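K.L.:
So the numbering used here is basically just the index in the sequence shown, starting at one, shifted up by 390. Backbone N, C-alpha and C define an ideal beta-carbon position, used for all residues, glycine too. Keep in mind it's a predicted model, so treat the numbers as computed, not measured. If you scroll down you'll find the structure; I have some questions about it.
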Amino acid sequence: MTSCRRGDVVLVPFPFTDLSTTKQRPAVVVSPDTWNACQSDVMLVAITSQMNVAPGPQDHVVLTAADIAAAGLPKPSRIRTTKLFTMHSGLLKRTLGHLPDATTHAILSQLRTFFS
């Protein structure tokens, strides 16, 4: 897979923070389309279906039923905005779906808040 757009939900070999291993997980592309078109790396945020874990402040965006359907996800999920990482686009396995613009903007807003 070589091309992607901001808001795409993709399947990736998600790296554990201690780099001991990876696990196939969905993630959302958050890097701008202008970046994605000319760079080999993309910026992503993790998606989790672990809804029972208490999130931290500015840590998550809960996906609605419509978001989940558009994203091609099998169950209720949330975006972990503090799990931001960069990956070579050649490592992206496949696109599962695409989030609505409003949800993508909510994710970006959460990232701006976190880094401000």
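If you follow the alpha helix (DSSP H) that R470 is part of, which residue opens it and which one closes it?
P.N.:
No alpha helix (DSSP H) contains R470, which is instead part of the beta strand (DSSP E) from R468 to H478.
K.L.:
Find out if the Cβ-Cβ distance for the pair D449, T472 is shorter than 8 Å.
P.N.:
In this structure, the beta-carbon distance from D449 to T472 falls below 8 Å.
K.L.:
With distances taken from CA atoms, which of T454, M441 and T424 is nearest S393?
P.N.:
T424
K.L.:
Would DSSP call Q500 helix, strand or coil?
P.N.:
In this structure, Q500 counts as helix in the three-state DSSP scheme.
K.L.:
Could you tell me whether the Cβ atoms of D431 and H488 are closer together than 8 Å?
P.N.:
Against a cut-off of 8 Å, the Cβ pair of H488 and D431 comes out as no contact.
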